[in-house]
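All remarks here apply to the structure that follows.
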Amino acid sequence: IRLARNLYSTKLLNRDLTQVKKYEGDFKAQKFRTYVEREAKRLKLELPLPRQEDMEAMEKTLPDLENFYYYASQRDNILAVNTLNGMAQEKESVGVLVTGGFHTDGIAQYLKEKRVSYVVICPVIDKLEDDDERYINALKGKKTPFEEMLEKEGAAVPGADDVSEEPKEE
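Under my numbering, the first residue of the sequence shown is numbered 3, with each subsequent residue one higher.
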């Protein structure tokens, strides 16, 4: 149920993709409904289930979600390569790459394969206010107050125009 919730709300972590692929058939509307009904009965819970038509409509979005996560995972290496290229260009030996949790595993794996030292910092965040609004603003390229402060102090924060879609060749 956690996987389904995160899948449909685009909040999966990269490591969850393996589980989603493994149990892909379980996300079909009728099979999922049967599972939830059986577990609710076993646990003596009364759960309001979505209408069958709504569940079937959700099922139709599965190919789009699969594409979304496929392309998101493709960005892992691009983010890492562009960061390393930028550091080399600026002759920096230390850098910081801030991403959402989805990209952590893929970027870490890439850096490990390239024998690049790295540290992953994952803050524990119980709740984000305006979570969807922040995500949409980030996609639109709007700066956060933090990014504006960094720019004011002279630190550069790469925007969408500064990051290529393809890894830069050296």
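Yeah, the Cβ is synthetic: ideal placement off N, Cα and C, and Gly gets one too.
Keep in mind the model is a prediction, meaning the values are calculated, not measured.
(request) Check Arg44 in the structure and name its three-state DSSP category. (result) Here Arg44 sits in helix by DSSP.
(message) Here's the rule I'm using: 16 or more other beta-carbon atoms within 10 Å means buried, otherwise exposed. How should Phe148 be labelled?
(response) So Phe148 ends up on the exposed side.
(message) Rounding to the nearest angstrom, what Cα-Cα distance links Ala59 and Gly103 in this structure?
(response) Going by the C-alpha atoms only, they are around 28 Å apart.
(request) Given a cut-off of 7 Å, decide if Gly108 and Asn16 are closer than it, judged by their beta-carbon atoms. (result) Yes.
(message) Assuming the contact rule is C-beta atoms closer than 8 Å, Thr106 and Leu81 should be a hit. Round their C-beta distance to whole Å, please.
(response) Separation of the CB atoms of Thr106 and Leu81 is rounded to 11 Å, and the pair is thereby denied contact status at 8 Å.
(message) Can you find the residues in the same chain that come closer than 6 Å, C-beta to C-beta, to Leu49, ignoring five residues on each side of it along the sequence?
(response) Excluding sequence neighbours, Leu49 sits near Ala42.
(request) Assuming Leu51 and Arg35 form a contact by the criterion Cβ under 8 Å, report the distance between their Cβ atoms to the nearest whole angstrom. (result) That pair is a contact at about 6 Å.
(message) So, with DSSP's three-state summary, where would you put Val100?
(response) In this structure, Val100 counts as coil in the three-state DSSP scheme.
(message) My output table needs one value for Val83: the three-state DSSP class, helix, strand or coil.
(response) Helix.
(request) Mark Thr85 as exposed unless 16 or more other C-beta atoms lie within 10 angstroms of its C-beta, in which case mark it buried. (result) It is buried - the Cβ of Thr85 has at least 16 other Cβ atoms within 10 Å.
(message) Taking 7 Å as the threshold (C-beta atoms), are Glu61 and Ala31 in contact?
(response) Contact flag set, yes.
(message) Please identify the residue among Tyr112, Lys23 and Ser95 whose C-alpha is closest to the C-alpha of Gln76.
(response) Nearest option by C-alpha distance: Tyr112.
(message) Which same chain residues end up closer than 6 Å to Thr63 when comparing Cβ atoms and leaving out the 5 residues on each side of it in sequence?
(response) The answer is none, since no qualifying residue turns up.
(request) Within its chain, find whatever has a CB closer than 7 Å to the CB of Gly27; leave out the 5 residues flanking it on each side and keep chain order. (result) Result list for Gly27: Lys33, in chain order.
(message) Please list the terminal residues of the continuous alpha helix (DSSP H) segment that includes Phe148.
(response) Per DSSP, Phe148 is one residue of the alpha helix (DSSP H) stretching across Pro147 to Lys154.
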